[in-house]
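In what follows, a single structure is set out as structure tokens and then discussed.
Protein chains: 2
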Amino acid sequence: MKKLINNPDHVVEEMIDGYVKAHSSYVKRLEENDRSLVTSKETAEGKVGILIGGGSGHEPAFMGYVGAGMADGVAVGNIFASPPPAPILEVTKAIDKGAGVVYLYGNYAGDVMNFGMAADLAAMEDIQVEMVIGSDDVASAPKEEKEKRRGIAGEFFIYKTAGAAADFGYKLEDVARVARKTNDNTRSMGVGLSSCSLPQTGKPSFVLDENEMEVGLGHHGEPGIRKAPIDTADNVADELLNHILSDIEINEGDDVVVLVNGLGSTPRMELYIMFRRVEKVLKEKGINIYRSYVGDYITSLEMGGASITLTKLDDELKKMIDHPVDCPMFVQR
Amino acid sequence: MKKLINNPDHVVEEMIDGYVKAHSSYVKRLEENDRSLVTSKETAEGKVGILIGGGSGHEPAFMGYVGAGMADGVAVGNIFASPPPAPILEVTKAIDKGAGVVYLYGNYAGDVMNFGMAADLAAMEDIQVEMVIGSDDVASAPKEEKEKRRGIAGEFFIYKTAGAAADFGYKLEDVARVARKTNDNTRSMGVGLSSCSLPQTGKPSFVLDENEMEVGLGHHGEPGIRKAPIDTADNVADELLNHILSDIEINEGDDVVVLVNGLGSTPRMELYIMFRRVEKVLKEKGINIYRSYVGDYITSLEMGGASITLTKLDDELKKMIDHPVDCPMFVQR
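Quick look at the structure:
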């Protein structure tokens, strides 16, 4: 696959370089580690720090979400690979304002290991760390083993609510509680239509037939639950919603926030056609959509497909969802 | 190509339906015409109305830019096809607050004809209309014939500045003057890597070889100035910038706003790698980047590639660029 890149070994380095130059009023690189980015704005003393991160290739995630109302810093890994402990630790030290730091990341073996090691190192520097691991993908493990599930687009809502809670002056354990509640209340599932290719190989990371889709596909091409001929947007949305709604109790009169997320190369047109169906189905069930997000929030390079995320809201989470955000790749007024 | 759609004949209808449902606090459909969308918020009496529009398939353009600080309404065409006069006229009538309406659209034969007819019909209803036609694509006609050029991603800056001018209470002729000055000061050029396909045919709208790019490609697959083997991001950026900078006088010490726009399926990573080079080249020339935009602003379904836009700024345009915006697909604080 053709790419607008220079040396494939330098894509992450050059992306960060361009990103920091484009948004220098928002983010800066730490001198201590060039994979450590933090907000350019002064963070208030006593505010809990929000640290996000993971592999590259998921932009706007993760670095696009550093800014007011969301994360204070990000550790940037190679493409689809966790950052090592060093950049995580440096961000931790930079954003700790005496109130501790919450790490938010997805449930992948590499991330769990590296963020865990960084937390141990932070403890040795007397920085308190709480970790909240996103595990929203219903296709990736049975209902009884939610803690084994992958984190996909629903992680966005964890950053959103935890970032707001920290802004509101919540203490470390309360920010973590809000983040965990969000994860507990969040379910996602996706469909893949076409693969992406890693810059270093140029080869597709998985292969689908010309007319085939993969239901439940993960964000790095992890296998889904079935391959099938491509179906209508309405049928696909129904299938994803059925899995989500049979996994979490959302009743008539409940409020949810909805995210229809594009995986990279899916036109907005198709995402809105998917959203149209989601809205119809939820309306028929008497479930109220409190707020909607439609677009590319967590991608996989140029992968084709989409995911649907629902998060069940209580009054506290509604307040967090409504809080304004000002990040380079996401702004909410 | 695989698409998440239902009936290919209904994609625009269903997209609008999903869009209005997702963002009902921002936009509503007019009862008079289902291709006419206007802001949900009350527009102040005496404010000049901003009307944008064109074919579908370019999302976020055009309907994503209806909201505070940008457009008051949009007329939505079929895919890559101008809206007819009727939806344009209905939007005009709905958003005219006694101060007239400015039409902003790209220089395509269908748009020129249909917006022109709508303006004639509006005149018969005693609504004053000014029209400003985007013509920023340097690859599409010689320098001496700028008025023959296509409008591409640079149109975004015309909406941005005209929307701000209207918000600041400028009169009709002054809003139009700001929009025209923006167009006069704007140059863009793009590169295509891969085609998109129309939902009704499923066939690519043009074909490039596996390793080929097309420099100067238009937003609907209009031919560029040369086809060549794919080159590095830096070389491509240099080539586009050379064309732009030899077309407009931008001197050391001048201020510009930069847009690196993705055509649909280009990962953000690649856009930032392109931006990195643009920043470097402009810095070497002593040209100051006043503000940067990197992302999908005007797309062509799932087309692969990117464009670079520069707009030379004076103090008035800086003020317009800085003005906040709150639209469903673009927010600036």
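Protein chains in written order, with this note's numbering: chain A, 9 to 341; chain B, 9 to 341. We treat Cβ as the ideally placed atom computed from N, Cα and C, and that holds for glycine. Keep in mind it's a predicted model, so treat the numbers as computed, not measured.
Coarse secondary structure for residue i, derived from DSSP in three states
i	result
B/Tyr113	strand
B/Lys211	coil
B/Arg234	strand
A/Gly75	coil
A/Asp182	helix
B/Asn296	strand
B/Glu222	strand
B/Thr169	helix
A/Met328	helix
A/Arg195	strand
A/Phe70	coil
B/Leu248	helix
A/Phe338	strand
B/Asn269	strand
A/Asp175	helix
A/Asp242	helix
B/Glu201	Sequence check: residue 201 of chain B is Leu here, not Glu. Strand at B/Leu201.
Residue i: contacting residues in chain D (beta-carbon distance under 8 Å)
i	result
A/Asp42	No chain D is present in this structure, whose protein chains are A and B.
Residue i and residue j closer than 8 Å at C-beta
i	j	result
B/Ser265	B/Ala184	Position check: residue 265 of chain B holds Val in this sequence, whereas Ser was assumed. Contact: no.
B/Tyr280	B/Pro68	no
A/Gly313	A/Leu271	yes
A/Ser196	A/Asp144	yes
B/Glu222	B/Gly232	yes
A/Leu93	A/Ala126	It is worth fixing the name first, because residue 93 of chain A is Pro in this sequence and not Leu. Taking 8 Å as the Cβ cut-off, A/Pro93 and A/Ala126 qualify as a contacting pair.
A/Ile87	A/Gly108	no
A/Gly75	A/Pro336	yes
A/Ser315	A/His228	no
A/Gly61	A/Pro91	yes
A/Met277	B/Val19	yes
B/Ser202	A/Lys10	yes
A/Ala130	A/Val140	no
B/Gly198	B/Leu225	yes
A/Ala172	A/Met328	yes
B/Gly142	B/Leu112	yes
B/Pro275	A/Glu310	yes
The ligand HEM heavy atom lying under 7 Å from the CB of residue i
i	result
B/Ile238	Ligands displayed in this structure: none; no statement on the ligand HEM is therefore possible.
Counted within 10 angstroms of its Cβ, other Cβ atoms place residue i as buried (16 or more) or exposed
i	result
B/Asp128	exposed
B/Val339	buried
B/Met121	exposed
B/Ala117	exposed
A/Met132	exposed
B/Asp119	buried
B/His66	buried
B/Arg43	buried
B/Pro16	exposed
B/Arg341	exposed
A/Glu39	exposed
B/Gly294	exposed
A/Lys320	buried
B/Gly106	exposed
B/Ala174	buried
A/Asp104	buried
B/Gly200	buried
A/Pro150	exposed
A/Asp25	buried
Completely contained beta strand (DSSP E) runs for the stretch 298 to 326 of chain B, where each covers 3 or more residues: 312 to 321
Every unbroken alpha helix (DSSP H) inside the stretch 11 to 68 of chain B [4 residues or more]: 19 to 30
Validate contact between the stretch 185 to 195 of chain B and the stretch 153 to 168 of chain B using beta carbons, cut 8 Å, 3 pairs: yes
At least three beta-carbon pairs within less than 8 Å, the stretch 236 to 246 of chain B to the stretch 237 to 246 of chain A: no
Unbroken stretches of the alpha helix (DSSP H), 4 residues or longer, contained in the stretch 84 to 159 of chain A: 93 to 103 and 117 to 132
Sufficient close CB pairs (3 or more, under 8 Å) joining the stretch 204 to 211 of chain A to the stretch 29 to 39 of chain B: no
Three or more C-beta pairs below 8 Å linking the stretch 41 to 60 of chain A and the stretch 79 to 90 of chain A: Below 8 Å, enough C-beta pairs join the stretch 41 to 60 of chain A and the stretch 79 to 90 of chain A to call them touching: three or more.
Segment contact, 8 Å Cβ cut-off, at least three pairs: the stretch 151 to 161 of chain A with the stretch 174 to 184 of chain A: no
At least three beta-carbon pairs within less than 8 Å, the stretch 45 to 52 of chain A to the stretch 251 to 263 of chain B: no
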